[in-house]
Every structure is written in structure tokens, then in C-alpha cells.
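The sequence shown lines up with residues 6 to 182 when you count with our numbering. Shown next, in C-alpha cells, is the structure this report addresses.
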Amino acid sequence: MKRKAGSVLRAACCVTETKHAVRNTNYGRVYQVRRYAIVLALLVLLLSTLACGIGGPISGRNDDIRRAALAYELATRGPVDEVLVAFDFTEVRGNLGFKGGNTVWLNWTAEGEYFRQRDATKSYLFLHDLNRDGGSASILIDRGNGGEVQHRKLSLREEGGAWAVVSDEPATDPASP
Numbered sequence: 006m007k008r009k010a011g012s013v014l015r016a017a018c019c020v021t022e023t024k025h026a027v028r029n030t031n032y033g034r035v036y037q038v039r040r041y042a043i044v045l046a047l048l049v050l051l052l053s054t055l056a057c058g059i060g061g062p063i064s065g066r067n068d069d070i071r072r073a074a075l076a077y078e079l080a081t082r083g084p085v086d087e088v089l090v091a092f093d094f095t096e097v098r099g100n101l102g103f104k105g106g107n108t109v110w111l112n113w114t115a116e117g118e119y120f121r122q123r124d125a126t127k128s129y130l131f132l133h134d135l136n137r138d139g140g141s142a143s144i145l146i147d148r149g150n151g152g153e154v155q156h157r158k159l160s161l162r163e164e165g166g167a168w169a170v171v172s173d174e175p176a177t178d179p180a181s182p
């Protein structure tokens, strides 16, 4: 039995082949969209990790030192409008408990730019150059008020799981921007 080109059987065969081809094309597109979504999600995760830090126990200890230094400085020399904190890319920005104004976390790429553009009429504390060695630490603090800046070096010691300031002296080599 010979089939003609326009017969029903021939048309049904072509429709099946066409549906199969369309299905394969759509499968490829769906797979490609899923792949892009996965790549995008991984890229967002990577960028957020770089922006916010990877955290860990070291950054938590650094925040404990910063909290103790900030509390001491505010109790000793009075309130400020802003607290500026220098941090590394591998650190997570935490809450230091400052409620008197803005807390600004600055990595080394943003420090100079922020100081050039900040409102000079606001007072600030800049916590930077934190060095930790076992149960002791030191941190430099710059207190700015108008055009005047005081540079201090605080030494801290861990006592009973909490950090306490053990010495407060003028900084000999200010490293503020």
C-alpha cells in the first residue's frame, strides 16, 4: 500500500516528529535557564561573602575588643555623633551597641573616600588598627570634633571572658586618614 504525501498517516507522523523536536528545544532552554540561575545564585553568594565577610571566631573576638574600647571611650570622654570602624574583608560587621548615632564600617578601600566626604561638623570616634595577641590587644582610637583630632591608643586585656581597658595613652604615631 502506497501512501500519498498528503495522507493522514503521513501528517500524523510529521506532527509527532515536530512535537519531539519542540520538546527537545524547550528542554535545552529550560536547562540553560536553570544553569544560569544556579550560576547567578553562586555569584550572589560569593559577592555577599566578599562584601560582608566570612566571619568566624576571630571576627567575634575583634568585635568584643571593639565593644569594650567603645564603651570605655564613651564613658571616659563623652558621646559622639558617629562611630567609624575599620574592618577587614574577612570580618563580619557586628552590632557594637552604639545607639547615639551612626555606625559606619569602613574597609581599607573606603576609608580615605569617606573621610574626604563626611560631614566635618559631626563628632566621631574612629576605631582602627586593632592588634590582638592571645589575651591582650591594642586599638587606636581617633576622636574628631570639628577640625581637631585626638589620637589615643588603648591596651586591653581579657579577664574572665570579657575585655577590659588596662591603659589609655596618647598615640605616638597617628595613622588616621
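Cβ coordinates follow ideal geometry from the N, Cα and C atoms, glycine included. Note that this is a predicted model, so its numbers are computed, not measured.
Original post:
Whose CA, out of 71, 107, 120, lies closest to the CA of residue 160?
Top reply: Here residue 160 corresponds to residue number 155 of the sequence shown, with the count starting at 1. Nearest of 71, 107, 120 to residue 160, Cα basis: 71.
**OP:** Note down the Cα distance separating residue 140 from residue 45, rounded to an integer number of angstroms.
**Re:** Locating residue 140 in the sequence shown gives position 135, counting from the first residue. Locating residue 45 in the sequence shown gives position 40, counting from the first residue. Cα to Cα, residue 140 sits roughly 42 Å from residue 45.
Original post:
According to the neighbour-count rule (16 or more other Cβ atoms, all chains shown, within 10 Å of its Cβ), is residue 21 buried or exposed?
Top reply: Mapped onto the sequence shown, residue 21 falls at position 16. With a pLDDT of 49 at residue 21, under the threshold of 50, the predicted position of this residue should be treated as unreliable, though the coordinate-derived value follows. Residue 21 should be labelled exposed.
**OP:** Could you spell out where the beta strand (DSSP E) holding residue 162 opens and where it closes?
**Re:** Locating residue 162 in the sequence shown gives position 157, where the first residue counts as 1. From DSSP, the beta strand (DSSP E) with residue 162 extends over 153-164.
Subject >> Outcome for residue 49 when other beta-carbon atoms lying within 10 angstroms are tallied against a minimum of 16 >> reply: Sequence index remark: in the sequence shown, residue 49 carries index 44 (1-based). That one is exposed.
Subject >> Three-state secondary structure assigned by DSSP to residue 20 >> reply: By one-based count along the sequence shown, residue 20 stands at place 15. Interpretation of residue 20 is limited by its pLDDT of 49, a score under 50 that renders its predicted location unreliable; no figure is taken from the coordinates.
Original post:
Pick from 142, 111, 93: whose alpha carbon is nearest that of residue 167?
Top reply: Along the sequence shown, one-based indexing puts residue 167 at 162. For the residues 142, 111, 93, the minimum Cα distance to residue 167 belongs to 142.
**OP:** My understanding is that residue 85 touches residue 148, with C-beta atoms under 8 Å, so please give their C-beta distance in whole angstroms.
**Re:** Mapped onto the sequence shown, residue 85 falls at position 80. Mapped onto the sequence shown, residue 148 falls at position 143. Between residue 148 and residue 85 the Cβ distance is about 7 Å, and since that is below 8 Å, they are a contact.
Subject >> Proximity of residue 145 and residue 176 at Cβ, strictly below 7 Å >> reply: Mapped onto the sequence shown, residue 145 falls at position 140. Mapped onto the sequence shown, residue 176 falls at position 171. Contact: yes.
Original post:
Does the separation of the CB atoms of residue 133 and residue 91 fall below 7 Å?
Top reply: Counting from 1 along the sequence shown, the entry for residue 133 is found at position 128. Counting from 1 along the sequence shown, the entry for residue 91 is found at position 86. The answer is yes: Cβ separation under 7 Å.
Original post:
In chain order, what residues of the same chain have a beta carbon less than 7 Å from the beta carbon of residue 3, not counting five sequence neighbours either side?
Top reply: Residue numbering for the chain in the displayed model covers 6 to 182; residue 3 lies beyond these limits and cannot be assessed.
Subject >> In DSSP terms, what residue 150 is bridged to >> reply: Position 145 of the sequence shown, counted from the start, is the residue given in the question as residue 150. Looking at the DSSP assignment, residue 150 forms a beta bridge with 153.
Original post:
Candidates 101, 66, 95: which alpha carbon is nearest residue 79's?
Top reply: The residue you call residue 79 lines up with position 74 of the sequence shown. Among 101, 66, 95, the Cα nearest to that of residue 79 belongs to 101.
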